[in-house]
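Read the structure below first, then the notes.
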């Protein structure tokens, strides 16, 4: 039975659906490029490079938690918090393209599927929750930690269900499970992965926020900015 994984390989989803989501990915990335260019400054450019390198490293670690079900860290929420949702999605997309073309991790014909799930859906879901929570929670390290963990869990779970939707629309391989079983397995697996990613993300963003809050996009773009004193509380 083929393994069910977040990183979709060639032939798992039929070509028509793969082409459909390639168009979705191109449209989404086009929007990200337009919006991202407006936000570029001397702080975001080097940070985006560091974020992409970090995501590349963590995505190379694959975890098989259940029989026939595997997953890995995504990094979309971390990217969105540090460089914003638009540049964050671009960072994740660049990593996915490099992995597919050079390391054969994820199919080339499945790039649109993977970019839609991990770069667009995952990053957007994570950042929407981050933006919401940071406006209602106290301006403290604890609140930033809770926000990062919760956003990672939501981000990774939403991205995993993107795969389930794509498989429902055009699964080309019989994985020996019902669609409901696939959805449950993917959600359960990526809930655990999201918790682990949340811890890593929280440690990273709280440290950066303590020493250089101006480098944390989600913090410096609040209507009521988080001060260094508030973050270190």
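Residue numbers (UniProt numbering): 1 to 233.
Even glycine gets a Cβ: it sits at the ideal position worked out from N, Cα and C.
All of these numbers come straight from a predicted model, not from anything done at the bench.
Quick one, which of the options has its alpha-carbon nearest residue i's?
| i | options | result |
| --- | --- | --- |
| residue 219 | 80, 194, 94 | 80 |
| residue 20 | 196, 116, 181 | 116 |
| residue 139 | 215, 8, 7, 210 | 210 |
| residue 190 | 73, 141, 213, 50 | 73 |
| residue 99 | 30, 206, 53 | 53 |
| residue 29 | 182, 118, 166, 145 | 118 |
Under a three-way DSSP split, which group does residue i fall into?
| i | result |
| --- | --- |
| residue 198 | helix |
| residue 171 | strand |
| residue 193 | helix |
| residue 138 | coil |
| residue 216 | coil |
| residue 109 | coil |
For residue i, which residues of its own chain have a beta-carbon under 6 Å away from its beta-carbon, when the five flanking residues on both sides are left out?
| i | result |
| --- | --- |
| residue 149 | 198, 202 |
| residue 22 | 112 |
| residue 25 | 112, 115, 116 |
| residue 77 | 126, 151, 152, 155, 201 |
| residue 121 | 158, 159, 162 |
| residue 196 | none |
| residue 107 | 9, 10 |
| residue 109 | 10, 18 |
Is it the case that the Cβ atoms of residue i and residue j are separated by a distance below 8 Å?
| i | j | result |
| --- | --- | --- |
| residue 147 | residue 133 | yes |
| residue 55 | residue 97 | no |
| residue 44 | residue 92 | no |
| residue 143 | residue 137 | yes |
| residue 89 | residue 141 | no |
What does a CB cutoff of less than 8 Å around residue i pick up in its chain, not counting 5 residues either side in sequence?
| i | result |
| --- | --- |
| residue 35 | 86 |
| residue 168 | 179 |
| residue 171 | 12, 13, 14 |
| residue 101 | 108 |
Between which residues of its own chain and residue i is the CB-CB distance below 7 Å, once the five residues before and five after are set aside?
| i | result |
| --- | --- |
| residue 229 | Confidence is the limiting factor: at residue 229 the pLDDT is only 46, short of 50, which leaves the residue's position unreliable, though a coordinate-based value still follows. Closer than 7 Å at the Cβ level, and outside the excluded window around residue 229, lies no residue. |
| residue 204 | 78 |
| residue 48 | 83, 87, 91 |
Taking only runs of the beta strand (DSSP E) that begin and end inside the stretch 12 to 74, which ones reach a length of at least 3 residues, in chain order?
-> Qualifying beta strand (DSSP E) stretches, in chain order: 62 to 66, 69 to 72.
Which whole runs of the alpha helix (DSSP H) in the stretch 72 to 97 are 4 residues long or more, in chain order?
-> Secondary structure in the stretch 72 to 97: the alpha helix (DSSP H) runs of 4 residues or longer, each lying completely within the stretch, are 76 to 83 in chain order.
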